[in-house]
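These notes concern the structure reproduced below.
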Amino acid sequence: MATRTVAQRREQQRREYDAFMATCPARKLLDRISDKWVSLVLTALTGGPQRYSDLSRRIAGVSQKMLTQTLRTMERDGLLTRTVTAAVPVRVDYRLTALGESLLPLMAAIKAWAETHIEAVERAQAAYDEASAQ
45 MATRTVAQRR EQQRREYDAF MATCPARKLL DRISDKWVSL VLTALTGGPQ RYSDLSRRIA
105 GVSQKMLTQT LRTMERDGLL TRTVTAAVPV RVDYRLTALG ESLLPLMAAI KAWAETHIEA
165 VERAQAAYDE ASAQ
């Protein structure tokens, strides 16, 4: 077996998509899909296609700019499709792709975990803050 240099091992790991490596492209993807707006849009699209205005109403607190950026990024990553229907006014629908649907169970589980455990996390934060203040 040939001996490889550190640089060669790093290059091999990068090609194998090891997210622990700084140059791994999977890191950028992890950063994008771990965004709170991405997870909320994904779970909001569970029931089928929705219009921009429906998503905006459903996801409280998201600005128009952030929702637009999130939808564009998700479309670029292949997680959803955007369909424009010529009408007056123009109708734009967003729908999860098969790739987006494959991510949905993970995001739904994380969302459910957060909703179930928020009180325990808040108690832990309060205890930590109290101990740190002393």
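Quick note: the sequence shown uses the numbering used here, first residue 45, plus one each step. Cβ coordinates follow ideal geometry from the N, Cα and C atoms, glycine included.
Check: Delimiting residues of the beta strand (DSSP E) encompassing arginine 139; Outcome: 135-140
Check: Complete beta strand (DSSP E) runs within the region 63-140 (minimum length 3 residues, chain order); Outcome: 124-129 and 135-140
Check: Inter-residue Cα distance where the pair is threonine 129 and serine 100; Outcome: 19 Å
Check: Proximity winner among Asp173, Ala46 and Gly92, relative to alanine 142 (alpha-carbon distances); Outcome: Gly92
Check: 8 Å Cβ cutoff met for glutamine 94 and tyrosine 61; Outcome: no
Check: Residue burial classification, threonine 105 (beta-carbon count within 10 angstroms, cutoff 16); Outcome: Per the sequence presented here, residue 105 reads as glycine, with threonine not at that position. Exposed is the call here.
Check: Cβ-based burial, serine 83 [other Cβ within 10 Å; buried from 16]; Outcome: buried
Check: Option in Leu123, Lys80, Arg135 and Thr117 with minimal Cα separation from serine 97; Outcome: Arg135
Check: Inter-stretch contact (C-beta, 8 Å, three-pair minimum) for the region 164-177 and the region 145-153; Outcome: no
Check: Whole-angstrom distance between threonine 47 and threonine 21, CA atom to CA atom; Outcome: Limits of the chain in this structure are 45 at one end and 178 at the other, which puts residue 21 out of reach.
Check: 8 Å contact criterion, which leucine 147 and isoleucine 77 should meet: CB distance rounded; Outcome: 7 Å
Check: Cα-Cα separation, tryptophan 157 to alanine 164; Outcome: 11 Å
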